[in-house]
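Under our numbering, read the sequence shown as residues 70 to 501, first letter to last.
For every residue, glycine included, the Cβ atom is placed at its ideal position computed from N, Cα and C.
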Amino acid sequence: MSLPRRTVAPLLPALALALLAPALPAQTPVQVPPEANRFSPQVLDIPSVAQALEWLEEHFDDQVEEWIRINEIPAPSRMEEERGRYVASLMEAEGLEVSVDGIGNVIGVRRGVGDGPTLVFASHMDTVFPMGTDVTVRRDGDVLRAPGIWDNSAAVANMLAVARAMNAAGIRTRGDVIFIGTVQEEIGLNGMTYWLEENEGVADMLVAIDGGLGAISYGALGIYWTIYRFHAEGAHTNRSAGRPHPVRALADAVRYIYEIEIPEGQGGAVFNVGMLDGGSIFNAIPEQASFSLDLRSVNPVLLDSLNAEIEARVARAAEAHGVEWSMEIDSRSQAGGTEEQLADRRIHPLVVTAESIYGHLELGNTLRASGSTDANAGVVRGVPSIAVGRSLGGDNHTLSEWADIPSALPATQAVLLLTVTLAELADGPVSQ
Ligand SMILES: [Zn+2]
């Protein structure tokens, strides 16, 4: 049977989802074994689950208030401490086993009764906005506006609401559920990576709450950030003719790089030169000039081969102009694989169950063999991992960021259903 109407928030307009979901090529059909889907709509008839879903709806105004409070505690990457303390206090109030690890992640464990898989949720606490940015939230009808409000305060509030609703309804799971407010997601998934490395083998499944509602990501977009620098001695303009010139080398290098053709059918790739730097006066050859490169692909082989090709073209340009060159690796987020390479992940119960729950709640269930969230750190380590959305919204990483309030409720209810389904209810059969 389907959900009683009151229990689930108003469904999202299909059009809004279609507009927000990225245009993607049609998925190749896959044979999904039916047993991979652990969700059955009958779970909604179990009194504790129905009660938890209703509790979320009844207390949604409080969730929104808390969402705002979380957002108004500034938390630039590496400066999440104060927000983290607040999140830890909320987890403690719910009786979770709370700890803060060596990098600053806030971890709240909700113990299961045993014999079930460990399910980890991660919502990153950090934002891209420097300390001093006005993070005051303005409410505008059904919309909240503030830097960071969508990415990712919404997810932190959703995650805490799930823990609370489970407690209120007395839900017990077999597996442990671990809620993590992660740090430094925006600067290379550092917090998530740290936790996975310190807790190898603990997570059976990882769910990052991040991104817009509607898409389920089960892959990992590899992202390489590199600064390339050209160096020479410099000279006054009057004596510059024919001398080694970092800027001329840089100009050629950038041109050569943009002549690279991305091969077809290997998962695709994209790159961008986003920052230029060097020189300080009109009348001299600068001693150095640099550019940044942002290179992305889901295909690890393609990513590395393009990276090598870029490096070769930088070397060629430097040599042609008689200048030295060097590079500085800013970050390396590994790629998870193409759709074909991730075929086994696509049929994993985590992915299939999430797809089924999203389908049932009519939240949109676009599957993507890609992603740029904390889930990436799990994907590349072989931990079954997905990212699910937190609400509708837009303009993240800009000062005009906004989030749609009502859509955070079904997003949260979907997380609750994922939890009771995948960590397995202790008090009754969840599915077939
Ligand atoms: Zn994010």
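In this chain, the alpha helix (DSSP H) harbouring His429 covers 418-429. Ile296 is not a Cβ neighbour of Asp373, given a cutoff of 8 Å. DSSP places Asn341 in the uninterrupted beta strand (DSSP E) bounded by 339-341.
By the Cβ rule, the stretch 392-407 counts as touching the stretch 443-453, because three or more pairs are nearer than 8 Å.
For the 8 Å CB-CB criterion, Val231 and Ile218 do not form a contact. Not a single heavy atom of ligand 1 lies less than 7 Å from the C-beta of Glu397. Inclusion of His193 in the 7 Å shell around ligand 1 follows from its C-beta lying nearer than that to a non-hydrogen atom of the ligand.
One Cα belongs to Arg312, the other to Ala304, and the distance between them is close to 8 Å. Looking only at Glu470, Ser441, Pro418, the smallest Cα-Cα distance to Pro453 is reached by Pro418. Here Glu397 carries a strand assignment [DSSP, helix/strand/coil].
Of the candidates Ile115, Ala438, Ser192, Ile247, the residue whose Cα lies closest to the Cα of Ala492 is Ile247.
Put simply, the residues with a CB less than 5 Å from any heavy atom of ligand 1 are Asp220, Asn221, Asp279, in chain order.
Between Arg317 and Met396, the beta carbon gap of about 18 Å keeps them out of contact (Cβ cut-off 8 Å).
Scanning its chain for C-beta atoms nearer than 6 Å, with the 5 sequence neighbours on each side dropped, one finds around Pro199 the residues Pro145, in chain order.
Under the three-state reduction of DSSP output, Arg415 falls in the helix class. In this structure the stretch 314-329 does not lie against the stretch 255-263, because fewer than three pairs of beta carbons, one per stretch, are closer than 8 Å. The beta carbon of Gly281 sits closer than 7 Å to the beta carbons of Leu89, Gly458, Leu461, Gly462 from its chain, once the five residues preceding and following it are set aside; these are given in chain order. For the pair Trp394 and Glu388, the Cα-to-Cα distance works out to about 9 Å. The secondary-structure analysis by DSSP pairs Ser286 across a beta bridge with Arg437, Ala456. An exposed status is given to Arg308, since fewer than 16 other beta-carbon atoms sit within 10 Å of its beta-carbon. Around the Cβ of Pro186, a 10 Å sphere holds 16 or more other Cβ atoms; the residue is buried.
Looking at Ile331, Asn227, Asn341, Ile285, the one whose alpha-carbon comes closest to that of Arg437 is Ile285. By the Cβ criterion, the stretch 148-165 is in contact with the stretch 248-255, since at least three pairs of Cβ atoms, one from each stretch, lie closer than 8 Å. Taking all protein chains shown into account, Val99 has fewer than 16 neighbouring C-beta atoms within 10 Å of its C-beta and is therefore exposed. By the Cβ rule, the stretch 270-280 does not count as touching the stretch 337-352, because fewer than three pairs are nearer than 8 Å. Restricting attention to Tyr263, Arg241, Val178, Val133, the CA atom closest to the CA of Ala223 is found in Val133. Taking a 10 Å sphere around the C-beta of Leu113, we find 16 or more other C-beta atoms and assign the residue as buried.
One Cα belongs to Ala322, the other to Glu267, and the distance between them is close to 40 Å. Scanning Ala289, His314, Leu371, Ile137 for the CA closest to the CA of Ile329 turns up Leu371.
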